[in-house]
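2 protein chains.
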Amino acid sequence: MLTERRQRLLQYIVDEYVLSAQPVGSNMLVEKYHLPVSSATIRNEMAALEDEGYVVQPHTSAGRIPTDAGYRYYVEALMREESLPDELQQTIRHQFHQAARELEEWARLAAAILASRVRNAAIVTTPHSPEPRMRWLELVGVHDYLALVVVVLQEARVLQQTLSLERPFTQEELTTIARTLNEALDGKSAAEIRAQEMRLDSAESAVVQMAAGMLEGADVPSNEPSYVEGLRDLLRQPEFAEGQRLLGLLEAMEERNLGRAIPAPGEGNVAITIGGEHPLDEMRGCTVISTRYTGPSGLHGTLSVVGPTRMQYPRSVAMVRYMSTLMEELLRVYFA
Amino acid sequence: MLTERRQRLLQYIVDEYVLSAQPVGSNMLVEKYHLPVSSATIRNEMAALEDEGYVVQPHTSAGRIPTDAGYRYYVEALMREESLPDELQQTIRHQFHQAARELEEWARLAAAILASRVRNAAIVTTPHSPEPRMRWLELVGVHDYLALVVVVLQEARVLQQTLSLERPFTQEELTTIARTLNEALDGKSAAEIRAQEMRLDSAESAVVQMAAGMLEGADVPSNEPSYVEGLRDLLRQPEFAEGQRLLGLLEAMEERNLGRAIPAPGEGNVAITIGGEHPLDEMRGCTVISTRYTGPSGLHGTLSVVGPTRMQYPRSVAMVRYMSTLMEELLRVYFA
DNA sequence: AGTTAGCACTCTCGCATTGAGAGTGCTAAC
DNA sequence: GTTAGCACTCTCAATGCGAGAGTGCTAACT
Numbered sequence: 601m602l603t604e605r606r607q608r609l610l611q612y613i614v615d616e617y618v619l620s621a622q623p624v625g626s627n628m629l630v631e632k633y634h635l636p637v638s639s640a641t642i643r644n645e646m647a648a649l650e651d652e653g654y655v656v657q658p659h660t661s662a663g664r665i666p667t668d669a670g671y672r673y674y675v676e677a678l679m680r681e682e683s684l685p686d687e688l689q690q691t692i693r694h695q696f697h698q699a700a701r702e703l704e705e706w707a708r709l710a711a712a713i714l715a716s717r718v719r720n721a722a723i724v725t726t727p728h729s730p731e732p733r734m735r736w737l738e739l740v741g742v743h744d745y746l747a748l749v750v751v752v753l754q755e756a757r758v759l760q761q762t763l764s765l766e767r768p769f770t771q772e773e774l775t776t777i778a779r780t781l782n783e784a785l786d787g788k789s790a791a792e793i794r795a796q797e798m799r800l801d802s803a804e805s806a807v808v809q810m811a812a813g814m815l816e817g818a819d820v821p822s823n824e825p826s827y828v829e830g831l832r833d834l835l836r837q838p839e840f841a842e843g844q845r846l847l848g849l850l851e852a853m854e855e856r857n858l859g860r861a862i863p864a865p866g867e868g869n870v871a872i873t874i875g876g877e878h879p880l881d882e883m884r885g886c887t888v889i890s891t892r893y894t895g896p897s898g899l900h901g902t903l904s905v906v907g908p909t910r911m912q913y914p915r916s917v918a919m920v921r922y923m924s925t926l927m928e929e930l931l932r933v934y935f936a
Numbered sequence: 601m602l603t604e605r606r607q608r609l610l611q612y613i614v615d616e617y618v619l620s621a622q623p624v625g626s627n628m629l630v631e632k633y634h635l636p637v638s639s640a641t642i643r644n645e646m647a648a649l650e651d652e653g654y655v656v657q658p659h660t661s662a663g664r665i666p667t668d669a670g671y672r673y674y675v676e677a678l679m680r681e682e683s684l685p686d687e688l689q690q691t692i693r694h695q696f697h698q699a700a701r702e703l704e705e706w707a708r709l710a711a712a713i714l715a716s717r718v719r720n721a722a723i724v725t726t727p728h729s730p731e732p733r734m735r736w737l738e739l740v741g742v743h744d745y746l747a748l749v750v751v752v753l754q755e756a757r758v759l760q761q762t763l764s765l766e767r768p769f770t771q772e773e774l775t776t777i778a779r780t781l782n783e784a785l786d787g788k789s790a791a792e793i794r795a796q797e798m799r800l801d802s803a804e805s806a807v808v809q810m811a812a813g814m815l816e817g818a819d820v821p822s823n824e825p826s827y828v829e830g831l832r833d834l835l836r837q838p839e840f841a842e843g844q845r846l847l848g849l850l851e852a853m854e855e856r857n858l859g860r861a862i863p864a865p866g867e868g869n870v871a872i873t874i875g876g877e878h879p880l881d882e883m884r885g886c887t888v889i890s891t892r893y894t895g896p897s898g899l900h901g902t903l904s905v906v907g908p909t910r911m912q913y914p915r916s917v918a919m920v921r922y923m924s925t926l927m928e929e930l931l932r933v934y935f936a
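Dropping the structure here:
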């Protein structure tokens, strides 16, 4: 447990370093914050903080910068949570009301706003349900032997897939099949569809199989549509100036799934993963702040900010939190 | 018009520079290519090439590197077009046959393969038609006052948009409206729909308006879904090592539309835009190689490779060309 | 006229040196 | 517990230097 004074000191160091990206020295702190002690005292205290592992100096005779543990302490104990100014809330709200009334569009917009406000990358997944249920099914012929299977989920998400037919079907035939199946499958989940006993001819059975597969596929994390915005802002950070650093991050974000890179907090919480706490090596040096937003009937999605560990924590947390409540509000109204 | 020897020389310089990213000197050329003249002669010739504007030296006493004009000459006159080895063609073909039979998936895969083979970024737009036509329309209720309008285009593309209803509608009512409209609108373009005289109640009219709008929106370039792959590879190029260079490019590619950054060649041609030939400043230093692939009934899309001007032209052109014919073949079969 | 050997010239790059500046840790005194 | 003072360390920018690369030019050769 740190003394009161060391806590304040750590807080100053983090705040300063986040702002300037420069190691923070004792003199500077005394002057800037009008501390009632001399720089020598501060130096003693900083040495203590270093012993505890909260700060390091990049080299002898440089100021201190926070370690991952330092940020962690800051986040847990020192950070005072901000709330967004009313006018900013209004501005953002306004941007949403100007946007089209589409779930996808909202997610994209949320990512864009988040990224631009925290000046880092943001990732938002569109709302989806853990157990997607069928709302509507349609078969549209592309040509005699090929049909498009269009599935609408209860969560107002539309999936499509192509189905090869074993013999020519007319559109009338397809429509008839779709109508029959629609009645049988309405509101059902993939598991329920597969469990259901039905008398089906082979074409119908193929469609049912495909529909069930589509439902199952819809909840696989890699298929969760997500929007990444603000990579530019990330590239602008001095941490990524050489570009090679970002390369690893990009690969981590593109290839493997975001799911592994981004922690999934419980509802209402904001998860903060700092630097070395990440399971992925490429994410060292990065902090991810993420939360989960939920809507009616199990619908949920994730909002995250990705940046260097040196990031504006209070502001980012406030933004993520606010965007989350906003998305939840929008979802409630949408599915009124 | 360059003499035969100077042409060869330019070709060597381009080939070498593309490979090594280092300025090319006279001695090196004589040795590596066993030229029947001395390095002094080569120096004279290179000075001449420099006068003509095809090469420059980054500083006195460095070798020469090609200018944009040099690359242009190379592309026009010197480059011998490669064709892809049969086995590579087979490999690629195989990758496509393993993929799902979806237009979107094909475009994504094409971008990924293109990028990985030329080690640069690749952009592929999904096939779309210049005048999209209605194939199918469906209305799915989300709740009493909200419905999803799902439109399937003839090109097997599915659009969705949300429609606010002025009074509560049951799903039966919605289905009836959709059925009526389907008959009236089948195969029609946005213009034809708007021109058509119909007796409609206000709900039907709202749906028709929205559908027409969706059709129109589908061909706006900014809505053309496109897949960008291989940004990693781009970042790996020494030209973009500092990262800030790429930043401009990323912005150009994200914000304004790709349409402006990417030339649209006539059918069957491969357009090559080199460095300063680009209208956008951010693209200086980059070459874009792109072609258009076409399918049945006016369907078309674009395949492009984006890289530094120092790029493997023959190989890239061959890849782009091959992927284009492959996409065309796939489209033909798909819409058989 | 074209080619070439020879050579002076120029520029980059890596390396070591230097001095200023920043910031520390330590000690001894308050 | 605090602090003044000071030696110490390390970075950073500037400077100088030598090696190396590659050129352009000239004069001689075919």
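Chains F and R are the protein sequences, given in the same order.
Letter by letter, the first sequence follows residues 601 to 936 of the numbering used here.
Letter by letter, the second sequence follows residues 601 to 936 of the numbering used here.
Cβ coordinates follow ideal geometry from the N, Cα and C atoms, glycine included.
For clarity, every value in this text was computed on a predicted model and none was experimentally measured.
Item	Value
Reduced DSSP category for residue 897 of chain R - H, G, I as helix; E, B as strand; rest coil	helix
Residue interval of the beta strand (DSSP E) (run including residue 604 of chain R)	Premise fails: residue 604 of chain R lies in the alpha helix (DSSP H), 604 to 620, not in any beta strand (DSSP E).
Beta-carbon proximity list for residue 673 of chain F, same chain, < 7 Å, skipping 5 on both sides	610, 654
Separation of residue 929 of chain R from residue 708 of chain R, as counted between CA atoms	16 Å
Close beta carbons around residue 683 of chain R, own chain, < 7 Å, minus the five adjacent residues each side	918
Rounded distance between the beta-carbons of residue 898 of chain R and residue 730 of chain R, thought under 8 Å	6 Å
Beta-bridge partners of residue 827 of chain R, as assigned by DSSP	R/724
Reference residue 823 of chain F, options F/775, F/728, F/745, F/742, closest by Cα	F/728
Check whether residue 738 of chain F and residue 803 of chain F have beta carbons under 8 Å apart	no
Unbroken stretches of the alpha helix (DSSP H), 4 residues or longer, contained in the stretch 718 to 802 of chain R	771 to 785, 790 to 795
Residue span of the alpha helix (DSSP H) that contains residue 870 of chain R, given as start and end	Where residue 870 of chain R is concerned, there is no enclosing alpha helix (DSSP H), although the beta strand (DSSP E) it sits in stretches over 870 to 874.
Nearest candidate by alpha-carbon position, reference residue 640 of chain F, set F/648, F/675, F/877, F/627	F/627
C-alpha distance - residue 601 of chain F paired with residue 721 of chain F, whole-angstrom precision	34 Å
Supposed close pair residue 753 of chain F, residue 810 of chain F - CB separation, criterion 8 Å	Not quite, the Cβ-Cβ distance comes to about 15 Å (not below 8 Å), so this is no contact.
Alpha carbon of residue 617 of chain F to alpha carbon of residue 907 of chain F, nearest angstrom	15 Å
Alpha helix (DSSP H) segment containing residue 684 of chain R, residue limits	Premise fails: residue 684 of chain R is in no alpha helix (DSSP H) and is neither H nor E.
Contact with chain F by residue 809 of chain R, beta-carbon distance below 8 Å	no
Contacts around residue 915 of chain R, its chain only, beta-carbon distance under 7 Å, and the 5 residues preceding and following it disregarded	682, 718
Own chain residues within Cβ distance below 8 Å of residue 851 of chain F, not counting five before or after	882
Three-state secondary structure assigned by DSSP to residue 862 of chain F	coil
Residue 780 of chain F at chain R interface by Cβ criterion, 8 Å	no
Contacts around residue 714 of chain R, its chain only, beta-carbon distance under 8 Å, and the 5 residues preceding and following it disregarded	722, 724, 829, 830, 903, 905, 919, 920, 923
Pairwise C-alpha distance: residue 698 of chain R and residue 775 of chain F	29 Å
Whole-Å CB distance - residue 789 of chain F paired with residue 815 of chain F, under 8 Å assumed	7 Å
Start and end residues, alpha helix (DSSP H) containing residue 628 of chain F	626 to 633
Range covered by the alpha helix (DSSP H) that runs through residue 670 of chain R	668 to 673
Rounded distance between the beta-carbons of residue 836 of chain F and residue 847 of chain R, thought under 8 Å	7 Å
DSSP-derived helix/strand/coil call for residue 664 of chain R	strand
First through last residue of the alpha helix (DSSP H) which encompasses residue 917 of chain F	913 to 934
Residue 890 of chain R - DSSP class collapsed to helix/strand/coil	strand
Separation of residue 747 of chain R from residue 795 of chain F, as counted between CA atoms	30 Å
Beta carbon proximity, residue 849 of chain R to chain F, threshold 8 Å	no
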